[in-house]
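Step one of this worksheet: look at the structure below.
Right under this line is the structure:
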């Protein structure tokens with residue numbers, strides 16, 4: 002044990018059991034000092050309330066408010082920020098040591114824990130730590146059996162019955178049983194049917210194509226052997242059914258588990274109706290009753306709320322009666338058990354029974370269990386004090402989960418202190434009205450959420466209190482702050498780009514909801530949210546990104562602050578540069594003009610100029626203006642800027658060089674960009690960059706280098722969900738084999754991937770290869786017809802051939818014309834222009 006620890010003005014001396022403040026000895030009290038030592042021993046993490054109680058009061062059962070009193074005493078001594086409350090988790094000591102002792106050498110510290118095993122590489126959006134599953138052993142067994150027999154299984158049950166937790170446990174059990182893993186898709190935060198397909202694709206970590214998101218999703222999942230769960234589907238039943246029907250036909254190895262309050266009513270769906278937790282017979286002895294799910298859950302939650310609680314023969318009848326009156330509904334049981342410390346068991350039963358009779362007496366519209374759950378919610382809400390009720394109903398504005406900081410921003414006001422929100426949030430977690438989940442990066446800082454039924458009830462209370470519009474505005478302003486800061490953070494270099502995306506992913510639902518409200522009621526806030534939200538949606542959600550830009554375009558007027566106009570225009574210009582270059586040029590010019598007029602905006606001006614260069618590359622005029630803009634961009638670049646900022650300028654410049662067929666400088670710039678992307682921690686850009694480098698190496702005549710790079714990429718992408726990228730790499734590799742004259746390897750790749758080409762609508766990258774393969778195999782008639790088909794494909798795509806595809810087509814035509822009689826080539830090519838996609842395999846792979 003070390004002699005002392007120093008934290009700024011404070012020194013802790015364990016052997017003397019004193020705390021020195023500016024050199025003067027103080028004693029916080031024996032129990033408070035024990036709590037302080039326990040927190041110091043575990044400064045690297047959050048320490049739960051139960052751990053602190055066991056360490057400070059070993060072998061003694063005490064009231065939890067004793068712990069709160071000791072923490073309060075320590076805060077008065079050390080300052081309010083010394084010990085941070087993490088609602089639903091516990092406490093953490095946050096002062097940084099100022100002595101020479103290494104931070105890891107804490108009092109009585111055990112060796113640092115071994116790193117956790119790496120999660121399954123394809124495990125997506127599934128909690129790493131799950132709430133214990135109580136009373137569902139038979140359901141787990143039954144569902145596990147059914148999942149071995151059916152590709153689409155829907156767990157149907159009332160709200161609060163435990164569908165989601167059961168599905169999470171099933172996925173955890175099967176996470177290694179599927180080649181491409183498992184994935185969790187929560188639709189609670191999605192209200193727009195048109196974005197369900199892209200939400201599914203994004204949650205699965207899939208790459209999808211352009212255009213129709215369902216078609217892209219079908220293409221992406223077709224070759225996958227995996228299991229996905231779609232949670233909270235009841236409010237989007239028709240769209241979920243449409244999507245799953247299509248996926249069932251397109252992806253024969255895909256298995257889907259759905260949770261919903263109603264079935265999808267699909268022919269291939271197997272419905273598993275989840276019943277309430279088991280209840281014991283009236284005469285069941287204690288050892289039998291405690292094995293029943295409802296009683297076991299009540300006992301577990303009651304003991305978590307009150308360490309003194311124990312299930313005994315004396316209180317068994319009361320517990321069973323409570324569980325029976327609550328119809329065995331898990332959420333209702335948890336709400337009741339959480340109130341054991343406040344009311345005591347018998348008064349709790351009496352209060353609950355009276356309330357249930359009152360609230361269930363009228364109205365016959367809702368199913369019995371839904372009425373029971375609502376009655377339990379109203380009873381639990383009625384037991385909250387005024388402040389707790391205020392916090393609970395205001396939390397209803399959040400879609401999905403939220404952080405503690407966001408809760409404080411939205412819920413607190415002049416009458417409700419932000420720190421009071423922390424305390425109340427902890428109480429709501431303890432009472433099962435709010436759920437605490439793990440953080441987005443697997444850290445110990447939780448996020449919070451209301452389950453669907455409690456959230457609906459909270460929103461009802463918010464409306465009744467005439468607070469909804471005010472809270473919607475505060476929610477939108479909080480999202481504005483979050484996504485404006487996120488946009489700034491993206492270019493700051495303070496966080497890896499991959500981590501940036503992961504950090505923001507849990508708030509996408511909140512961002513979309515805030516944007517929808519702000520478009521109608523606060524246009525300036527909508528415009529401010531758009532850039533950060535659009536970037537956070539990732540490239541896999543192109544349709545949602547496009548909606549964000551289109552929905553806010555008309556709101557960007559001269560009445561907005563110049564900086565906001567410029568930021569929106571610059572980010573939007575980069576998005577539209579390839580798709581609508583004329584629009585992008587206008588936006589980028591406006592952004593550049595606005596930034597030039599604002600001092601201290603060189604970094605943002607650089608981004609706007611890069612967007613303009615990029616857009617001009619695809620526009621009708623690539624001449625003088627582009628050269629001038631490039632010169633201005635390079636003139637203001639600062640080598641000290643974060644790598645991600647300079648990466649944008651390099652990409653714009655190398656695109657110019659590539660289009661002008663200046664391959665050597667383009668490759669050099671791509672390699673520089675790859676180094677910057679690696680420093681920035683941007684793995685998606687690195688992956689795309691590797692493919693582009695190999696493509697340019699082939700264009701520059703470095704065939705062997707290109708093949709080596711493509712083979713390495715192919716190996717990296719095998720057994721991942723990057724199926725679209727893998728296909729593109731293999732098609733480009735085919736072109737490289739053909740340049741080498743290796744028709745054996747080229748044919749093998751083309752024949753193996755042709756069905757994938759059709760599903761990903763990737764013919765533009767394959768058809769010229771097919772024609773050259775036929776020509777090299779001395780099949781000139783076929784080559785001519787395939788070139789006709791290729792021209793039709795490229796015309797439908799709306800863009801000219803890229804350089805390697807163009808060279809491939811030119812060589813195929815030269816070989817075919819040389820082998821055919823005069824006029825035969827043109828006749829065959831014209832004939833080939835009418836070929837259908839389904840005709841090609843029989844023609845090309847004879």
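Numbering (our numbering), first residue to last: 2 to 847. Cβ atoms here follow ideal geometry from the backbone N, Cα and C, with glycine treated the same way. Bear in mind the structure is a predicted one, so any value in this text is a computation, not a measurement.
In this structure, the CA atom of residue 175 is about 45 Å from the CA atom of residue 418.
Scanning the segment 27-77 for uninterrupted alpha helix (DSSP H) segments of 4 residues or longer gives 31-42, 50-57, listed from N- to C-terminal end. Going by DSSP, residue 450 is part of the beta strand (DSSP E) stretching over 448-450. Contact between residue 447 and residue 438 holds: CB atoms are separated by about 6 Å, below the 8 Å threshold. With respect to the C-alpha of residue 498, the residue from 756, 600, 679, 386 having the closest C-alpha is 679. Per DSSP, residue 559 lies in no beta strand (DSSP E) and is assigned neither H nor E. By the Cβ-count criterion, residue 71 is buried, with 16 or more other Cβ atoms from all chains shown falling within 10 Å of its own Cβ.
Taking all protein chains shown into account, residue 739 has 16 or more neighbouring C-beta atoms within 10 Å of its C-beta and is therefore buried. Residue 242 is positioned such that its CB atom lies no closer than 9 Å to that of residue 184.
Beta-bridge annotation (DSSP): residue 261 is paired with 157.
Taking a 10 Å sphere around the C-beta of residue 473, we find 16 or more other C-beta atoms and assign the residue as buried.
A distance of 9 Å or more separates the beta carbons of residue 79 and residue 34. In terms of Cα proximity to residue 161, the closest of 843, 275, 820 is 275. With a cutoff of 9 Å on beta-carbon distance, residue 696 and residue 803 are scored as near each other. Excluding sequence positions up to five before and after residue 28, its CB lies within less than 7 Å of the CB of 19, all in the same chain and listed in chain order. Distance from residue 647 to residue 677 at the Cβ level is roughly 6 Å; contact confirmed, criterion being Cβ atoms closer than 8 Å. In this structure, residue 244 and residue 207 do not form a Cβ contact; the two beta carbons are roughly 13 Å apart against a cut-off of 8 Å.
Around the beta carbon of residue 694, a 10 Å sphere encloses 16 or more other beta carbons of the protein chains shown; the residue is thus reported as buried. Taken through DSSP and simplified to helix, strand or coil, residue 83 comes out as coil. For residue 271, the enclosing beta strand (DSSP E) covers residues 271-274. The three-state secondary structure of residue 92, taken from DSSP, is strand. Taking the Cα of residue 44 as reference, the smallest distance to any Cα among 54, 92, 17 is reached at 92. Runs of beta strand (DSSP E) with 3 or more residues, each lying fully within the segment 288-363, are absent. For residue 21, the uninterrupted beta strand (DSSP E) segment begins and ends at 19-22. The three-state secondary structure of residue 652, taken from DSSP, is helix. Non-local beta-carbon contacts of residue 352 in its own chain, meaning distances under 7 Å to residues more than five positions away in sequence, involve 344 in chain order. Bounds of the beta strand (DSSP E) holding residue 13 are 11-14. Leaving aside the five residues that flank residue 350 on each side, the residues in its chain whose CB is nearer than 7 Å to its CB run, in chain order, 319, 322, 323. Straight-line spacing of the CA atoms in residue 806 and residue 731 works out to 14 Å. Annotation for residue 809: 736, 739, 769, 770, 773 place their beta carbon closer than 7 Å to its own, counting only its chain and skipping 5 residues before and after. According to the DSSP secondary-structure assignment, residue 577 is paired through a beta bridge with no residue. The C-beta separation of residue 281 from residue 163 comes to about 19 Å, leaving the pair out of contact by the 8 Å criterion. In the three-state DSSP reduction, residue 185 falls in the strand class (E or B).
By alpha-carbon distance to residue 784, the top candidate from 59, 845, 132, 759 is 845. About 21 Å separates the CB atoms of residue 568 and residue 511; that is not less than 8 Å, and the two are not in contact. Within the segment 447-523, the complete alpha helix (DSSP H) runs of at least 4 residues fall at 453-465, 469-491, 498-505, 509-522.
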